[in-house]
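Shown next, in structure tokens, is the structure this report addresses.
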Amino acid sequence: MPELPDVEVFKRYFDATCLDQTIDRVEVKEERLLENTSPQRMRKAPVGKEFESTQRHGKNLFAKLDSNLWLLLHFGMSGFLKYYNNPDEAPDHPRIIFHFSSGYKLAYDNMRMFGKISLLDDVDAYLQDQELGPDALSLGQEDFKEMLSQKRGMIKSALMDQTFIAGLGNIYVDELLFQAGIHPKSQASTLDKETVENLYNNMNAVLQTAINYNVNVDQFPENYLIHRRTLNSACPVCGGKIRKSRVSSRSTYFCENHQQKY
DNA sequence: AGTACCACCTGACGGC
DNA sequence: TGCCGTCAGGTGGTAC
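According to my numbering, the first sequence holds residues 1182 to 1443 in order.
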């Protein structure tokens, strides 16, 4: 379930391993994941080049090959990166593999095949084309308030909408609503000022905490919902019952006691 | 514009 | 043991 924190950790992993190495060969193992890019071009265009830097926006990772050539990776539900040399360390479902002249390889693994691999000439144009909202971690509090006040519909739907805010998915939206004490079906525009500020602060805190722990969920604070995504488990904050329902066709866990409906 | 539902895809898991 | 239905969840499309 790669959401913003996961992709940020992938970015740091990519930066620490793959930059400034000549690409010898590109192995496209699953052509269905390519979008707006032919397999032939994907295999050819990066060869002889190096990844110079990376950029993340929401759940999208962009790696620069040239001023007008970028690799886009979207991880869907089950995607991740693996940098390795020894074939024993190869992941189970590699969909594309970049071979470096050092002998090391970068594999994009994605069991469930939701996801996207593409070559772009302009990142900003792509973000506009996709109508992606501002990245959740670089959004200021005033803008957040203003946007929410004008958003109709349920707060969970709003936060999951990538064209509204980019980066949040099902797990983290549940978590930050839980931390902020807001019922997921609350109407976005009816939250009062204090509640929205609290939500904003929790959004940043939860995302930052997840990144700081390298998305190692076991190390997340004990009062996080993520450890209790089970029907009728005890709320780690107030002892209430954790309930499950569906919001925006997604499994939604929340505390029936301390998450208030607005 | 918001919502509801389906499809895509694969593996895990529970029931029988 | 093994078959079957269900679930997980990011995104995109469609119908209301």
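The C-beta atom is built at its ideal place from N, Cα and C for all residues, glycine as well. Here the structure is a predicted model, which means the values were calculated and not measured.
Name the one or two DSSP bridge partners that L1254 has. L1242, I1298.
Excluding five sequence neighbours on each side, which residues of the same chain lie with their C-beta closer than 8 Å to the C-beta of R1222? The beta carbon of R1222 sits closer than 8 Å to those of L1300, all from its chain and outside the five residues before and after it, given in chain order.
Determine the contact status of Q1322 and Y1381, defining contact as a CB-CB distance below 8 Å. In this structure, Y1381 lies closer than 8 Å to Q1322 by Cβ.
By the three-class DSSP mapping on this structure, what secondary structure does M1223 have? It is helical.
Quick one: what does DSSP say K1366 is sitting in, helix, strand or coil? Judged by DSSP in its simplified three-state form, K1366 adopts coil rather than helix or strand.
Are I1423 and T1411 touching if we call contact CB-CB under 8 Å? Less than 8 Å separates the beta-carbon of I1423 from that of T1411.
Span separating the alpha-carbon of F1207 from that of L1287: One point to set straight first is that residue 1207 is Val, not Phe, in the sequence displayed. Computed Cα separation, rounded: 10 Å.
In the DSSP assignment, the alpha helix (DSSP H) including S1330 goes from what residue to what residue? Counting along the chain, the unbroken alpha helix (DSSP H) around S1330 starts and ends at 1322 to 1330.
What do you reckon, is the C-beta of E1231 under 7 Å from a heavy atom of the ligand ADP? Here there are no bound small molecules, and the ligand ADP is not part of this structure.
Buried or exposed for T1344, please, with buried defined as at least 16 other CB atoms from any protein chain shown within 10 angstroms of its CB. Counting the other Cβ atoms within 10 Å of the Cβ of T1344 gives fewer than 16, which makes it exposed.
With distances taken from CA atoms, which of F1435, H1408, L1329, V1418 is nearest Q1368? Closest option to Q1368, judged by alpha-carbon separation, among F1435, H1408, L1329, V1418: L1329.
Round the Cβ separation of A1215 and M1294 to the nearest angstrom and send it over; I've been treating them as touching at under 8 Å. Reading off the sequence shown, one finds Leu at residue 1215, where the question assumed Ala. That belief does not hold up - the Cβ atoms of L1215 and M1294 are roughly 12 Å apart, past 8 Å.
Return the CA-CA distance between T1203 and A1386, expressed in angstroms with no decimal places. About 38 Å.
Spatial neighbours of H1255 within its chain, please: C-beta separation below 6 Å, excluding the five flanking residues on both sides. Once the five neighbours on either side are set aside, the close Cβ partners of H1255 are N1241, G1296, K1297.
Option nearest G1284 by Cα separation, candidates E1403, D1205, L1372, E1233: Comparing alpha carbon positions, the residue from E1403, D1205, L1372, E1233 closest to G1284 is D1205.
Do E1356 and I1407 have their beta-carbon atoms positioned less than 8 Å apart in this structure? Cβ distance < 8 Å, so I1407 and E1356 count as in contact.
Does R1443 come out as helix, strand or coil in the three-state DSSP assignment? First, the residue type needs correcting, since residue 1443 is Tyr and not Arg in the sequence shown. Reduced to three states, the DSSP call for Y1443 is coil.
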